[in-house]
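In our numbering, the protein residues as written are 25 to 191. Beta carbons are placed, not taken as given, at the ideal position from N, Cα and C, and that holds for glycine. Read the structure below first, then the notes.
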Amino acid sequence: MSQEGAVPMAAMLTAHFSMEELTRVGGHSCIDNTLPMDLSGNLLKVAEKLEQARAIWGVPVRVSYAYRGPELNAAVGGSPTSAHVFALAADAIPRGIEIKDAFEALVADRVFMVDVDQLIHERGCIHIGLPIPRYNYVPRHELRGDVTVDGKRTYPLIDIWTPGRIR
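Here is the structure:
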């Protein structure tokens with residue numbers, strides 16, 4: 025399904041991130057994950073945030089998921105209020121750096137963190153979430169981890185990031 029005026033899949037949003045990479049469906053090839061035009065500005069913000077992370081880490085970055093339409097989001101078990109649904113999040117996988125070290129590097133960078141809503145240290149990736157409509161686009165600066173409880177993944181709050189505070 026194609027939208028009139030939609031950004032071509034092969035289009036590069038930034039120097040290192042394409043529309044195709046940021047709307048990929050993983051193993052769910054039967055799902056149409058076309059980005060609605062009204063969310064294209066959000067996805068561009070995410071691509072720019074990924075460029076910032078890439079510069080901080082100094083290594084290439086792969087994205088497992090960024091925009092997830094409601095159908096894809098449900099298929100992967102995402103929350104209906106996930107920032108991914110609003111094209112305001114990406115799950116970044118830095119190459120050649122431990123996830124814990126990559127997470128800490130982002131937390132330590134004041135310029136990077138100032139507009140981050142949630143930074144989640146997950147298994148194998150770092151979820152970078154920007155503020156969503158539910159919170160009036162105001163960043164909560166949540167730092168979260170990934171824990172499995174009774175077979176279900178949860179993301180408990182680790183801390184709230186504060187500018188100038190050294191963790």
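Candidates the options: closest to residue i by CA position
i       : options                               : result
Asn-160 : Asp-141, Glu-166, Ile-150 and Ser-103 : Asp-141
Leu-154 : Ile-117, Asp-139, Glu-146 and Asp-174 : Asp-139
Ala-99  : Arg-177, Arg-78 and Gly-51            : Gly-51
Leu-181 : Arg-78, Arg-168, Arg-147 and Asp-174  : Arg-168
Glu-166 : Ala-116, Leu-130, Gly-175 and Asp-174 : Leu-130
Trp-81  : Phe-136, Arg-92 and Arg-158           : Phe-136
Residue i, buried or exposed, once every other Cβ within 10 Å from all chains shown has been counted against 16
i       : result
Ser-53  : exposed
Arg-192 : This structure does not reach residue 192, given that the chain is present from 25 up to 191, and the question cannot be answered.
Ser-106 : buried
Ile-156 : buried
Under 8 angstroms between C-beta atoms of residue i and residue j
i       : j       : result
Leu-123 : His-151 : Contrary to the premise, residue 123 reads as Ile rather than Leu in this sequence. No, they are not a contact pair.
Ala-116 : Asn-66  : no
Neighbour flag for residue i against chain B, beta carbons, 8 angstroms
i      : result
Thr-58 : Annotation note: the requested chain B is absent from the structure, which comprises a single protein chain.
CB-CB length for residue i against residue j, believed under 8 angstroms
i      : j      : result
Val-70 : Leu-46 : 7 angstroms
Tyr-91 : Leu-63 : 7 angstroms
**Asked** Taking only runs of the alpha helix (DSSP H) that begin and end inside the stretch 70-124, which ones reach a length of at least 4 residues, in chain order?
**Response** 94-99
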